[in-house]
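Protein chains in written order, with the numbering used here: chain P, 1 to 185; chain L, 186 to 282.
Think of the CB as a built atom: it goes at the ideal place given N, C-alpha and C, for glycine as much as any other residue.
Since the structure comes first, as C-alpha cells, the remarks are kept for the end.
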Amino acid sequence: MSSPVDSPSDTELITRVLLRDDRRAFGVLVSRHQSAVRGLLRRLTGGDLAQADDLAQETFLRAYRGLGGYRGGAKFSSWLYRIACNVFFSRDRGSRLAAAPEPPLLEAEAGASDVSLPDALLERYDLERALASLKPRERAALVLTYANELTHEEAAVILDCPLGTLKTHVARAKEKLRRQLEEVP
Amino acid sequence: MNGHEDEAWLDSMLQRRLPPELPEDGFPLQVLDRLPPRERPWLRAFLLCVTWVVGLAALLLLSGDTAVGAAAAETGNHVVAFSLGAALVWYVADRLL
Numbered sequence: 001m002s003s004p005v006d007s008p009s010d011t012e013l014i015t016r017v018l019l020r021d022d023r024r025a026f027g028v029l030v031s032r033h034q035s036a037v038r039g040l041l042r043r044l045t046g047g048d049l050a051q052a053d054d055l056a057q058e059t060f061l062r063a064y065r066g067l068g069g070y071r072g073g074a075k076f077s078s079w080l081y082r083i084a085c086n087v088f089f090s091r092d093r094g095s096r097l098a099a100a101p102e103p104p105l106l107e108a109e110a111g112a113s114d115v116s117l118p119d120a121l122l123e124r125y126d127l128e129r130a131l132a133s134l135k136p137r138e139r140a141a142l143v144l145t146y147a148n149e150l151t152h153e154e155a156a157v158i159l160d161c162p163l164g165t166l167k168t169h170v171a172r173a174k175e176k177l178r179r180q181l182e183e184v185p
Numbered sequence: 186m187n188g189h190e191d192e193a194w195l196d197s198m199l200q201r202r203l204p205p206e207l208p209e210d211g212f213p214l215q216v217l218d219r220l221p222p223r224e225r226p227w228l229r230a231f232l233l234c235v236t237w238v239v240g241l242a243a244l245l246l247l248s249g250d251t252a253v254g255a256a257a258a259e260t261g262n263h264v265v266a267f268s269l270g271a272a273l274v275w276y277v278a279d280r281l282l
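Structure (C-alpha cells):
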C-alpha cells in the first residue's frame, strides 16, 4: 500500500489528465472518489444500486469532459458532487412520470425472510420510503447536509442555490419526513 | 415526544444512514472503458499532409502527359476523384484514430 507521501494529490492528477490525457491518473481519481459519489447517488435514488452506479458513471464521464472547467477553488469532491446532483436532476426530469423508486428489499439485507427485522432496519426502510417521496432538490439538500455531513454553505454551492433557499429546502424536507414517519404504524 | 426529542430523533436517523466505504467492484475500469477515444492531433495533421501530398502528386502525374486542351477537362475529373479519395481516407482515419 502506498504511503500518503507518494500518492499524488487530486490537483497533480488533474494536471496530468489535462496536460497528457493521462487516463491512469484519471483512473486513480475515480478510485479515490467513487465511494463518495456512488454513496451519494445511492441515497438520492432511494437505494437503487443499478441506477446509482449508472448515474455515477455518467458523473465521471461528464467530469472527464469538463475537467478543464474545474478551477480548483472548491474541493474536487464538491465539484464531483455538483455534477452528480445535476446528473440526478436531469435523469429525474426525464423520468418524472415513472413510479417513485422502491427502497431495496429488507430481506436481502437481513439475510433471511423469517428472521425478525431489527428496529434500526425497519426505521431505515421507512426513512428510504419517506425520502423517495421528497422533491429531488429537497432530498439532495437533506442528503448532502446530513448523510454527507456537508455544511449548509457547501451544500448551497453544490446545488447552485442561495443559502436561504438551501435552508428552506432542508427545513421543508425535514418537516415532510417527520409527518410521513409519524404516519407509519 | 416533544419538539426537541422529535428533532433529535430525526437528526440521528438521517445521520445513521452513512454507508461504509464502497468497494470498487471494477467500477473505475467501467468508467475508463466509456471514456471517449484519445485525440491525436499531430497524427491527424500528419495524415492530412500525407493525403494531400500523395493526392497532389497523383494529380500532377496523371495530367502531365496529356494535351493542353484536354488537360483542363481531365484535371477536373481528377480533382473530383481526388476529393472523393481524400474523403474516403479521412473517413477511415477518423474511424481508426
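Alpha carbon of Thr-145 of chain P to alpha carbon of Asp-279 of chain L, nearest angstrom: On the first sequence, position 145 is the one that residue 145 of chain P refers to. On the second sequence, position 94 is the one that residue 279 of chain L refers to. Rounded to whole angstroms, Thr-145 of chain P to Asp-279 of chain L spans 46 Å at the Cα level.
As assigned by DSSP and simplified to three states, the class of Asp-218 of chain L: As a position in the second sequence, residue 218 of chain L is number 33, starting the count at 1. Residue state, collapsed to three classes: helix.
Three-state secondary structure (DSSP) of Thr-59 of chain P: Locating residue 59 of chain P in the first sequence gives position 59, where the first residue counts as 1. It is helical.
Chain L residues whose Cβ lies nearer than 8 Å to that of Ala-141 of chain P: Position 141 of the first sequence holds residue 141 of chain P. Neighbours of Ala-141 of chain P on chain L: none; closest Cβ ~12 Å, over 8 Å.
Members of the stretch 37-71 of chain P near chain L, C-beta cut-off 8 Å: Residues passing the 8 Å Cβ filter: Arg-38, Gly-39, Arg-42, Arg-43, Asp-53, Ala-56, Gln-57, Phe-60, Leu-61, Tyr-64, Arg-65.
Cβ-Cβ distance between Leu-163 of chain P and Glu-153 of chain P below 8 Å: Locating residue 163 of chain P in the first sequence gives position 163, where the first residue counts as 1. Locating residue 153 of chain P in the first sequence gives position 153, where the first residue counts as 1. Yes, the pair counts as a contact, with Cβ atoms nearer than the cut-off.
Secondary structure of Lys-135 of chain P, DSSP reduced to three states: Stepping through the first sequence from its first residue, residue 135 of chain P is reached at position 135. Three-state DSSP puts Lys-135 of chain P in coil, outside helix and strand.
Contacts of Arg-229 of chain L in chain P (Cβ-Cβ under 9 Å): Stepping through the second sequence from its first residue, residue 229 of chain L is reached at position 44. Residues of chain P passing the Cβ test: none, with the nearest at roughly 14 Å.
For Cys-234 of chain L, the three-state DSSP class (helix, strand or coil): On the second sequence, position 49 is the one that residue 234 of chain L refers to. Here Cys-234 of chain L sits in helix by DSSP.
Distance between beta carbons of Leu-67 of chain P and Leu-55 of chain P, contact taken as under 8 Å: In the first sequence, residue 55 of chain P corresponds to position 55, counting from 1. In the first sequence, residue 67 of chain P corresponds to position 67, counting from 1. Contact doesn't hold; Cβ gap of about 19 Å is too wide.
Residue-level contact to chain P via CB, Pro-222 of chain L, 8 Å cutoff: As a working note, residue 222 of chain L is residue 37 in the second sequence. With 8 Å as the cut-off, Pro-222 of chain L does not count as an interface residue toward chain P.
Closest by C-alpha distance to Ala-36 of chain P, when choosing among P:Ile-14, P:Leu-80, P:Gly-73: Within the first sequence, the letter at position 36 stands for residue 36 of chain P. Checking every option, the nearest Cα to that of Ala-36 of chain P belongs to P:Leu-80.
Outcome for Lys-174 of chain P when other beta-carbon atoms lying within 10 angstroms are tallied against a minimum of 16: On the first sequence, residue 174 of chain P is found 174 positions in, with the first residue counted as 1. Sixteen is the threshold: when 16 or more other Cβ atoms of the shown chains lie within 10 Å of the Cβ of Lys-174 of chain P, as they do, the residue is buried.
Chain-ordered residues of the stretch 157-176 of chain P with a beta carbon less than 9 Å from chain L: Answer in chain order: Lys-174.
Residue-level contact to chain P via CB, Pro-226 of chain L, 8 Å cutoff: Numbered from its first residue, the second sequence carries residue 226 of chain L at position 41. Taking Cβ atoms only, chain P never reaches closer than 8 Å to Pro-226 of chain L, which makes this a no.
DSSP state of Trp-275 of chain L mapped onto helix, strand, coil: Translated into the one-based positions of the second sequence, residue 275 of chain L becomes position 90. Helix at Trp-275 of chain L.
Check whether Arg-211 of chain P and His-169 of chain P have beta carbons under 8 Å apart: This structure cannot speak to residue 211 of chain P, because chain P is shown only from 1 to 185.
For Ser-268 of chain L, the nearest candidate out of L:Gly-240, L:Val-216, L:Arg-229 (CA to CA): As a position in the second sequence, residue 268 of chain L is number 83, starting the count at 1. Closest by alpha carbon: L:Gly-240.
Candidates P:Gln-57, P:His-33, P:Ile-158, of which the one nearest Gly-73 of chain P by Cα: Reading the first sequence from its first residue, position 73 is the one you call residue 73 of chain P. Nearest of P:Gln-57, P:His-33, P:Ile-158 to Gly-73 of chain P, Cα basis: P:Ile-158.
Rounded separation between Gln-51 of chain P and Val-264 of chain L - CA only: Along the first sequence, one-based indexing puts residue 51 of chain P at 51. Along the second sequence, one-based indexing puts residue 264 of chain L at 79. Cα to Cα, the separation comes out at about 53 Å.
Neighbour-count burial assignment, Glu-182 of chain P, 16 or more Cβ in a 10 Å radius: Here residue 182 of chain P refers to the residue found at position 182 of the first sequence. Counting Cβ neighbours within 10 Å, Glu-182 of chain P comes out exposed, since fewer than 16 surround it.
Residue-level contact to chain P via CB, Ala-271 of chain L, 8 Å cutoff: Residue 271 of chain L sits at position 86 when you count from the first residue of the second sequence. Contact of Ala-271 of chain L with chain P is not assigned, every C-beta pair being separated by 8 Å or more.
C-alpha gap between Asp-126 of chain P and Lys-176 of chain P, whole angstroms: As a working mapping, residue 126 of chain P is identified with position 126 in the first sequence. As a working mapping, residue 176 of chain P is identified with position 176 in the first sequence. Distance between the alpha carbons of Asp-126 of chain P and Lys-176 of chain P is about 13 Å.
Residue of P:Leu-142, P:Phe-26, P:Phe-89 minimising C-alpha distance to Arg-172 of chain P: What you label residue 172 of chain P is simply residue 172 of the first sequence in a count that begins at 1. Nearest of P:Leu-142, P:Phe-26, P:Phe-89 to Arg-172 of chain P, Cα basis: P:Leu-142.
Member of P:Ser-77, P:Arg-178, P:Leu-49, P:Thr-15 whose CA lies at the smallest distance from the CA of Ser-201 of chain P: Nothing in the structure corresponds to residue 201 of chain P, since chain P is present only between 1 and 185.
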